[in-house]
Every structure is written in structure tokens, then in C-alpha cells.
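K.L.:
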Amino acid sequence: MDSSIFGRNKMLDLNDVAIFIHIVETGSFAAAARRLGVPPNTLSRRIKLLEASLAVRLFHRSTRKLTLTGAGEQLYDHSAQKISELNAISTQLVSENQVPMGRIRVAAPADFFDLFFMEWVADFLALYPQLQLDFILSDTHADMIGEGIDVAFRGGRLKDSSLVARKISTGRRLMAASQHYLDTFGVPDSIDALQHHACIGQSASSSPAIWHLVGPQGAVQVEVTGRFSANTAQAQLKAALSGLGICFLPESLLYDSLSRQQLIAVLPDYGQLNNDLSIVYPSRHYIPLAVSTFVDHTVALLKKTIADKHSRS
393 MDSSIFGRNK
403 MLDLNDVAIF
413 IHIVETGSFA
423 AAARRLGVPP
433 NTLSRRIKLL
443 EASLAVRLFH
453 RSTRKLTLTG
463 AGEQLYDHSA
473 QKISELNAIS
483 TQLVSENQVP
493 MGRIRVAAPA
503 DFFDLFFMEW
513 VADFLALYPQ
523 LQLDFILSDT
533 HADMIGEGID
543 VAFRGGRLKD
553 SSLVARKIST
563 GRRLMAASQH
573 YLDTFGVPDS
583 IDALQHHACI
593 GQSASSSPAI
603 WHLVGPQGAV
613 QVEVTGRFSA
623 NTAQAQLKAA
633 LSGLGICFLP
643 ESLLYDSLSR
653 QQLIAVLPDY
663 GQLNNDLSIV
673 YPSRHYIPLA
683 VSTFVDHTVA
693 LLKKTIADKH
703 SRS
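Printed below as a string of C-alpha cells:
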């Protein structure tokens, strides 16, 4: 039969065990009370409750000396290190909630750093030297929970209502082509005319693809085909710049090329709305300080970047 005080299926109050350890290490109830900032009689009452729960006596008490019983020695030997480790972990967690630290896994579109330059990442890491950023770049939506993603940048309408989202910008998609392409194949003068042009598509979409547009007469859709498609927006942009056809891309991505007249807007009265850019994370509960700091900093910075671009247009 197990005579150990840990073999009696008693539910221990870890706070009382921690008090017991403080008393042992300081040598008296009075010294432990000073360390913990509580009255000595409070500690005495808590130890009596602990002894009652274990059905053992932990201390031999006299007016001059406080010594451990055999059961007290057993409890101390088995619990002191574990309580110390729990305190260390608690201290670390509290510290992490005061100073941003640790690794943040960030999912973003493959072309993210073509739109938003790396300098802001360097500035952010310089501000928070105990943080690390791990970017996963792909145009497919990551499984945030399954892949351990802390934060994701997503464009367009968000389909997963369980995600917490903060909108960074509201934009639209536009059609554009190079001057060389338009000189060679003509300028479309109607939505229907797009069916006779080379349109640059998104990989894995059906052929013909369907472009959903909003124009002067409201929402319209048109079937388009082409000989080139790609799974990233940057590749589609480069294809349009090379004269391979008409692209249909976010205005923010087309901005520089249109400003420099490397591309020409096609049917500019038509576009696609709700091409929002949002930053999302899995839950609004118990958000680590590192993640909330990254989100706040990034939203503010990217909003300023987008506003600066619009002010120059």
C-alpha cells in the first residue's frame, strides 16, 4: 500500500503548496509573511487547510523552532522544484505580455513584397528586437489553425466568418494592357469585345474564364480566353507589360505601371469593386502581445503607404 502523501488522491491547492514552500525556505511563518506581504495568521490558516486536505501534519511547531515532519519533507522534496518551474513559466508569460517577443508566422500573397517594400519590415524589427517574423508567401489561402499562422493578409471578400479581420484598404480591380498590344490588336470598345482579345487569366480557373465587372449599367460578366495564365498577380502583370494580353488586376498593383504609361487602362469605366486588403487572425481572445503589436503597426503603416500612393495619383 502506498503510504506517500501523493498516493491518496487528494486535490492540492497549488497556492497553498507555494505558501508551504515559502515558509520552509524562509524558516518561519513571520518571514514568509513578510516576503509575501500578508499577515502571518493568514499563512497559518492556509497551512492548516493544506494539512487537512492531506490528512497529515507538515510542521513541528514550537515557540523557538519550526521543523518539517516526515510528510512535510516529502511534500517539499517533491514540489519545490515544480513550483519553482511554474513560477518561472508564469514570470516568462507575464514578461511576454509586457514586451513583444517571440516568432510571428505571417501568411501573405506571393507578390506581397512587390507591393509593400521590405524596408517597413526592417523598421518594425528594429523597433522590437525580441521579435522574429516568418513569412509564408503563397496565393493560396493558408489554413491558419492547421499551419500555425498567427496573421494573414488577404484580398477580396473574406469567406471564413470565424476569422477576425481588420480592413487595411478598399480597392477595385481594373483591366489594362500595354500600348504595343493595343496597337497590334486594337482597343476594345465594349465589354463584348473582350471575347475577341487575349485576356490574361488566373491559373486553375475554367476556360473560358468569367470576369465579373461593374460599369455604368451595373453588374455585368463576360467570358474571356487567352493563351497565358499564371497563379500570381505579379506574373500576370509582367505578362501584360510584355504585350501578352489584357490583365485584370488590383488597382494598387497596376498603379505604378499606369502612372508611367507602361500600361493603358482598358474600358476604364468598368472594374470590380470590393477588392479589399485585410489583415486577419484566428481569434480575438488572448491575442499575444507580439501579434497585436504587429497588427497595429502594420495596419497603420500600410494604410499610410496606400494613402500616399493615392495622394500622388
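Every position in the sequence shown, counted from 1, becomes a number in the working numbering once 392 is added.
Yeah, the Cβ is synthetic: ideal placement off N, Cα and C, and Gly gets one too.
All values derive from a computational prediction rather than experimental measurement.
Between R619, L605, Q587, R546, which has its C-alpha nearest S595's C-alpha?
P.N.:
For the residues R619, L605, Q587, R546, the minimum Cα distance to S595 belongs to R619.
K.L.:
If you follow the alpha helix (DSSP H) that Y647 is in, where does it begin and where does it stop?
P.N.:
Unbroken alpha helix (DSSP H) run through Y647: 643 to 651.
K.L.:
Is it buried or exposed, S621, if we count other Cβ atoms within 10 angstroms and call 16 or more buried?
P.N.:
Burial call: buried.
K.L.:
By the 10 Å Cβ neighbour count, where 16 or more other Cβ atoms means buried, how is I528 classified, buried or exposed?
P.N.:
Looking at its Cβ environment, which holds fewer than 16 other Cβ atoms inside 10 Å, I528 is exposed.
K.L.:
When the distance is taken between beta carbons, is A657 closer than 8 Å to A585?
P.N.:
Cβ distance not < 8 Å, so A585 and A657 don't count as in contact.
K.L.:
Along the alpha helix (DSSP H) that carries Q628, what are the first and last residues, could you check?
P.N.:
Run containing Q628: 625 to 633, per the alpha helix (DSSP H) assignment.
K.L.:
For T617 and Q490, what's the separation of their Cα atoms in angstroms?
P.N.:
Between T617 and Q490, the C-alpha separation is close to 55 Å.
K.L.:
Consult DSSP for F710 and reduce its assignment to one of helix, strand or coil.
P.N.:
Look at the range of the chain in this structure, 393 to 705, and you will see that residue 710 is not part of it.
K.L.:
Please classify M510 as buried or exposed, where buried requires at least 16 neighbouring CB atoms within 10 angstroms.
P.N.:
By the 10 Å Cβ count, M510 comes out exposed.
K.L.:
Starting from the C-beta of L694, find all residues in its chain whose C-beta is less than 7 Å away, skip the five residues before and the five after it, and write them out in chain order.
P.N.:
Closer than 7 Å at Cβ, skipping near neighbours: F508, I560.
K.L.:
Who are D526's beta bridge partners in DSSP?
P.N.:
Paired residues: R497.
K.L.:
Note down, one range per segment and in chain order, each alpha helix (DSSP H) of at least 4 residues found wholly within the segment 543 to 584.
P.N.:
For the segment 543 to 584, whole alpha helix (DSSP H) runs of length 4 or above, ordered along the chain, are 571 to 577.
K.L.:
Quick check: the Cα distance between G494 and L517, rounded to an integer number of angstroms?
P.N.:
In a straight line, the C-alpha of G494 is about 12 Å away from that of L517.
K.L.:
Could you check whether the segment 650 to 664 touches the segment 599 to 606, counting it as contact only if at least three pairs of C-beta atoms, one from each stretch, sit closer than 8 Å?
P.N.:
Yes, since at least three Cβ pairs between the segment 650 to 664 and the segment 599 to 606 fall closer than 8 Å, the two stretches touch.
K.L.:
State the DSSP-derived secondary structure class of E615, mapped to helix, strand or coil.
P.N.:
Strand at E615.
K.L.:
Just reading off the beta strand (DSSP E) that F509 is part of, what are its end residues?
P.N.:
Note, F509: premise wrong, no beta strand (DSSP E); not H, not E.
K.L.:
CA-CA distance, L446 and A502?
P.N.:
If you take the alpha carbons of L446 and A502, they lie about 60 Å apart.
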